[in-house]
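Note sheet for the following structure.
In this note's numbering, the protein residues as written are 1251 to 1661.
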């Protein structure tokens, strides 16, 4: 319990947590089952290249996504790159800037140009109206991002893509088990990409998947993710090595086994955060539309400095000093980062406002209700003592070169 501002770890007090709380601390599920699966792979002798565990994992992901095809890959960034190559995309690809930098980098890495669209200020997902204004004769595709597991406006984006003859892809890195209405995320657009990074609600140590209902495209993707092989010893075109290993397949299956329990835990944690943080001025827990399923992997808080009395960065420093490793998810936005900031400067007002306010708080099976109570006590204390904390935080900041010149004259 913090009795005064000087009790905060940021200002010399004792940290609230001895062990760091994380956003999405990896969940290993039932280790006995994981080891049994690893033993099967070792006994079988096939450790990569589409072994039995990866094939089972693909079948289960396709079933969850409601798609005919799933191609498991080594990570979601590689999945986007494989899609871009398999679909022969080039020129300009419209994406939101409010996403992890991998979305933009995958486009650029494959030789296309990311064009950044603004967002819906309510959901944070890509704004279809702005997308349509960005279409040029050089545009070949749109990549929507289901931010924090929320579905994009899939109907509007599908209409725009159809009218302009564009490929429509979804980065569904956050979207496993989520939905648009009753329809699972996975079957929208030409293809969708899941992430199974260690921090995700389903993890395969590191991994991803491409899901689609297009038979011909699925065949091209499967070839492209395996060096271009169309048969043993026969190459049909350019490819890369993006295959998932059997070890990752084993972890992915073990994680899927406890998916429902993890989501229920996440939902309870999300509800508790909302209850405990209700009524604090300038602080809002991002609300998910109840018409759509969410996996509640992310508890996102928005800090409005004008009403909270302190900037998001101050609250972030307060939390991290207490060993609460909250994240700015995503801040800065992609268009504010290199190389995009210098090469194609743009202004995206809704994106920039959200990026300046967001904090993702600790979640996942390792985060207990007691942890959440303690985190919320820190947040509430910070907001209630915002003026004193902000002033002391500012006093502790190193002087900038401009401030030194102003204080001491030209060097």
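We put the beta carbon where it would ideally sit given N, CA and C, even for glycine. In this text, all values refer to a predicted model and were calculated from it rather than measured experimentally.
According to DSSP, residue 1227 sits in a beta bridge with which residue or residues?
Only positions 1251 to 1661 of the chain appear in the structure, and residue 1227 is not among them; the question remains open.
Could you name the residues that DSSP lists as bridge partners for residue 1462?
Locating residue 1462 in the chain shown gives position 212, where the first residue counts as 1. Beta-bridge pairing links residue 1462 to 1319.
How is residue 1367 classed by DSSP in three states: helix, strand or coil?
Start at 1 with the first residue of the chain shown, and residue 1367 comes out as number 117. Of the three classes helix, strand and coil, the one that applies to residue 1367 here is strand, per DSSP.
Could you please give the first and the last residue of the uninterrupted alpha helix (DSSP H) stretch that includes residue 1455?
For the purposes of this step, residue 1455 is identified with residue 205 of the chain shown, where counting begins at 1. First-last for residue 1455: undefined, no H or E at that position.
What is the DSSP secondary structure of residue 1259, counted as helix, strand or coil?
Within the chain shown, numbered from 1, the residue matching residue 1259 stands at position 9. Here residue 1259 sits in helix by DSSP.
With a cut-off of 8 Å, do at least 3 Cβ pairs link the stretch 1436 to 1447 to the stretch 1524 to 1543?
no
Reduced DSSP category for residue 1654 - H, G, I as helix; E, B as strand; rest coil:
Reading the chain shown from its first residue, position 404 is the one you call residue 1654. At residue 1654, the pLDDT of 36 sits below 50, so the modelled position is not reliable; the number obtained from the coordinates is stated separately. Residue state, collapsed to three classes: helix.
Backbone CA spacing between residue 1577 and residue 1613 [nearest angstrom]:
Against the chain shown, residue 1577 aligns to sequence position 327. Against the chain shown, residue 1613 aligns to sequence position 363. Those two C-alpha atoms are separated by around 11 Å.
Of all the options 1387, 1553, 1600, which has the alpha carbon lying nearest to the alpha carbon of residue 1630?
Here the question's residue 1630 lines up with position 380 in the chain shown. Out of 1387, 1553, 1600, 1553 has the C-alpha closest to the C-alpha of residue 1630.
So, with DSSP's three-state summary, where would you put residue 1468?
As a first step, residue 1468 is located in the chain shown; it is residue number 218 there, counting from the start. Helix, per DSSP.
Among the residues of its own chain, which have a CB less than 7 Å from the CB of residue 1486, if the five just before and after it don't count?
In the chain shown, counting from the first residue as 1, residue 1486 sits at position 236. Taken in chain order, the residues that qualify are 1473, 1478, 1480.
If you draw a straight line from the C-alpha of residue 1509 to the C-alpha of residue 1357, how long is it?
Stepping through the chain shown from its first residue, residue 1509 is reached at position 259. Stepping through the chain shown from its first residue, residue 1357 is reached at position 107. So the alpha carbons of these two residues sit roughly 31 Å apart.
At what residues does the alpha helix (DSSP H) containing residue 1404 begin and finish?
Taking the first residue of the chain shown as position 1, residue 1404 is located at position 154. That run of the alpha helix (DSSP H) goes 1404 to 1413.
Among 1632, 1311, 1641, 1303, which has the Cα closest to the Cα of residue 1459?
Walking along the chain shown from the start, residue 1459 turns up at place 209. Nearest C-alpha to residue 1459: 1311.
Short Cβ contact (8 Å threshold) for residue 1609 with residue 1568
As a working mapping, residue 1609 is identified with position 359 in the chain shown. As a working mapping, residue 1568 is identified with position 318 in the chain shown. Against a cut-off of 8 Å, the Cβ pair of residue 1568 and residue 1609 comes out as no contact.
CB of residue 1315 within 8 Å of CB of residue 1496, strictly
For the purposes of this step, residue 1315 is identified with residue 65 of the chain shown, where counting begins at 1. For the purposes of this step, residue 1496 is identified with residue 246 of the chain shown, where counting begins at 1. No, the Cβ-Cβ distance between residue 1315 and residue 1496 is not below 8 Å.
Would you say residue 1585 and residue 1366 are within 8 Å of each other, going by their C-beta atoms?
Mapped onto the chain shown, residue 1585 falls at position 335. Mapped onto the chain shown, residue 1366 falls at position 116. Yes, the pair counts as a contact, with Cβ atoms nearer than the cut-off.
Same chain, Cβ closer than 6 Å to residue 1445, neighbours up to 5 away in sequence not counted:
In the chain shown, residue 1445 corresponds to position 195, counting from 1. Excluding sequence neighbours, residue 1445 sits near 1326, 1423, 1458.
According to the neighbour-count rule (16 or more other Cβ atoms, all chains shown, within 10 Å of its Cβ), is residue 1301 buried or exposed?
Counting from 1 along the chain shown, the entry for residue 1301 is found at position 51. Answer is buried; the Cβ neighbour count reaches 16.
Return the CA-CA distance between residue 1639 and residue 1388, expressed in angstroms with no decimal places.
Walking along the chain shown from the start, residue 1639 turns up at place 389. Walking along the chain shown from the start, residue 1388 turns up at place 138. Using only the alpha carbons, I get a separation of about 50 Å.
Option nearest residue 1452 by Cα separation, candidates 1262, 1259, 1633, 1276
Translated into the one-based positions of the chain shown, residue 1452 becomes position 202. Of 1262, 1259, 1633, 1276, the residue nearest in Cα terms is 1276.
So residue 1304 packs on residue 1501, CB below 8 Å; how close in whole Å?
By one-based count along the chain shown, residue 1304 stands at place 54. By one-based count along the chain shown, residue 1501 stands at place 251. Incorrect: roughly 11 Å between the Cβ atoms, too far for contact.
Among 1428, 1364, 1635, which one has its Cα closest to the Cα of residue 1347?
Position 97 of the chain shown, counted from the first residue, corresponds to residue 1347. With distances taken between Cα atoms, residue 1347 lies closest to 1364.
Residues bridged to residue 1442 [DSSP beta-bridge criterion]:
For the purposes of this step, residue 1442 is taken as the residue at position 192 of the chain shown. DSSP, once it has assigned bridges, lists 1420, 1461 as partnering residue 1442.
Give every residue of the same chain whose Cβ lies closer than 7 Å to the Cβ of residue 1512, excluding the five residues on either side of it in the sequence, and list them in chain order.
Here residue 1512 refers to the residue found at position 262 when the chain shown is read from its first residue. Taken in chain order, the residues that qualify are 1277, 1451, 1615.
Please say whether residue 1559 and residue 1532 have beta carbons closer to each other than 8 Å?
As a position in the chain shown, residue 1532 is number 282, starting the count at 1. As a position in the chain shown, residue 1559 is number 309, starting the count at 1. Going by C-beta atoms, residue 1532 is nearer than 8 Å to residue 1559.
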